[in-house]
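Colleague: My structure is below; once you've seen it, I'll send some questions.
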Amino acid sequence: DDRNCSIDTSGFWIWSLVIPLFYVIISRCREPPGPFAWPLIGNAAQLGSTPHLAFTRLAQAYGDIFQLRLGAWHVVVLNGEQAIRQALVRQAATFAGRPPFPSFQLVSGGRSLAFSTYSELWQLHRRVAQGMVRSFSTGGAGARRRLERHLLAEAQALLQLLAWGSSGGAFVDPARSLVVAVANVMSALCFGRRYSHSDSEFLRLVGRNEHCPEHFS
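Each residue of the sequence shown is one higher than the one before, starting from 117 at the first, in my numbering.
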């Protein structure tokens, strides 16, 4: 009896290990391939400070569609025009949602246009926002002239800034200047005023807005 009990106990523990392992293997077969994910951090350490280059290297190893785990979240990465077009154009509604991050709920209760997920309410908000932007471009000759004037003024200032920064063959990263230029156009449209690219208060405000997604993610 003791021997039979021991065999039954051993069989129970073996099946307790085999069944979850079998489930994991079957689940992995249905999912996109990807590198091994470490506990807690997942694959975050593999991305480093240049994730776009890390994605390129991983695509060479696992194909145009692979998955990572960043913390507790599974992430599917698309590389290549065909894969991206299939997901974001032909199946746009399927991939139009947002992940349910708790940090997103802190921004307007998760109802903001940028952080809320795809729904009928989000579509309504988008139509309202598009209508407001369109009113500047199709709301009459006066509105179009104002928009063109702001765009031309900012484009000229941006070109002068880039030309000055690249004088003598120096390298210029236009990313920050482009962000400030877009913010200047929005400021001119909303408040009737643009700011210099060297205005410390305006740069500080733009910087806070630029880093907002990093803090919430």
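The C-beta atom is built at its ideal place from N, Cα and C for all residues, glycine as well.
Return the chain-ordered ranges of every alpha helix (DSSP H) run that is complete within the region 200–263 and spans a minimum of 4 residues.
Modeller: You should have 218–221 and 236–254.
Colleague: Can you find the residues in the same chain that come closer than 8 Å, C-beta to C-beta, to Gly323, ignoring five residues on each side of it along the sequence?
Modeller: Numbered from 1 along the sequence shown, position 207 holds the residue referred to as residue 323. Excluding sequence neighbours, Gly323 sits near nothing in its chain.
Colleague: For Arg119, I'd like the list of residues in its chain whose CB is within less than 6 Å of its CB, leaving aside the five on either flank, ordered along the chain.
Modeller: Taking the sequence shown and counting its residues from 1, the one referred to as residue 119 is at position 3. Its pLDDT being 49, under 50, Arg119 is placed unreliably in this model, and the value from its coordinates should be taken loosely. Around Arg119: no qualifying Cβ.
Colleague: Which residues in the same chain have their Cβ closer than 7 Å to the Cβ of Phe105, if we skip the five residues on either side of it in sequence?
Modeller: Past the boundaries of the shown model lies residue 105; the chain is included only from 117 to 333, so the question cannot be answered.
Colleague: Taking a contact to mean a Cβ-Cβ separation below 7 Å, would you say Gly164 touches Gly187 in this structure?
Modeller: For the purposes of this step, residue 164 is taken as residue 48 along the sequence shown, with counting starting at 1. For the purposes of this step, residue 187 is taken as residue 71 along the sequence shown, with counting starting at 1. Their beta carbons are not under 7 Å apart, which means Gly164 does not touch Gly187 by this criterion.
Colleague: Can you give me the start and stop residues for the beta strand (DSSP E) that Arg185 sits inside?
Modeller: Mapped onto the sequence shown, residue 185 falls at position 69. Ile181 to Leu186 is the span of the beta strand (DSSP E), which, as asked, contains Arg185.
Colleague: Using 10 angstroms around the beta-carbon of Glu317, count the other beta-carbons present and answer buried if the total reaches 16, otherwise exposed.
Modeller: In the sequence shown, counting from the first residue as 1, residue 317 sits at position 201. With fewer than 16 Cβ atoms within 10 Å of its Cβ, Glu317 is classed as exposed.
Colleague: Tell me whether the region 242–253 and the region 269–282 touch, counting them as touching only if at least three CB pairs, one residue from each stretch, are closer than 8 Å.
Modeller: Touching, no.
Colleague: Would you say Pro148 and Ile181 are within 7 Å of each other, going by their C-beta atoms?
Modeller: As a working mapping, residue 148 is identified with position 32 in the sequence shown. As a working mapping, residue 181 is identified with position 65 in the sequence shown. Against a cut-off of 7 Å, the Cβ pair of Ile181 and Pro148 comes out as a contact.
Colleague: Short check: CB of Arg173 to CB of Ala153, under 7 Å?
Modeller: Counting from one through the sequence shown, the residue named residue 173 turns up at place 57. Counting from one through the sequence shown, the residue named residue 153 turns up at place 37. It is not a contact, given that the beta carbons lie outside the stated cut-off.
Colleague: Under 7 Å, do Ser303 and Arg292 count as touching if we go by C-beta distance?
Modeller: Numbered from 1 along the sequence shown, position 187 holds the residue referred to as residue 303. Numbered from 1 along the sequence shown, position 176 holds the residue referred to as residue 292. Taking 7 Å as the Cβ cut-off, Ser303 and Arg292 do not qualify as a contacting pair.
Colleague: Just to confirm, does Ala209 get its C-beta within under 6 Å of one of the non-hydrogen atoms of the ligand MN?
Modeller: For the ligand MN, the structure offers nothing, since it holds no ligand at all.
Colleague: Straight-line CA distance for Gln162 to Pro151?
Modeller: On the sequence shown, position 46 is the one that residue 162 refers to. On the sequence shown, position 35 is the one that residue 151 refers to. C-alpha separation (whole angstroms): 9 Å.
Colleague: Here's the rule: buried if 16 or more other CB atoms are within 10 angstroms of the residue's CB, otherwise exposed. What is Val296?
Modeller: The residue labelled residue 296 in the question sits at position 180 within the sequence shown. Val296 comes out buried.
Colleague: Answer with buried or exposed for Phe231, where buried requires no fewer than 16 other C-beta atoms within 10 angstroms of its C-beta.
Modeller: Reading the sequence shown from its first residue, position 115 is the one you call residue 231. Buried is the call here.
Colleague: Under a Cβ-count criterion, where at least 16 other Cβ atoms within 10 Å of its own Cβ denotes burial, should Phe220 be classed as buried or exposed?
Modeller: For the purposes of this step, residue 220 is taken as residue 104 along the sequence shown, with counting starting at 1. Burial call: buried.
Colleague: Just tell me which of Ala208, Arg206 and Val191 has its CA closest to the CA of Pro216.
Modeller: As a working mapping, residue 216 is identified with position 100 in the sequence shown. Closest option to Pro216, Cα to Cα, is Val191.
Colleague: Ignoring anything shorter than 4 residues or poking outside the region 262–323, list the alpha helix (DSSP H) runs there in chain order.
Modeller: 291–307, all fully within the region 262–323.
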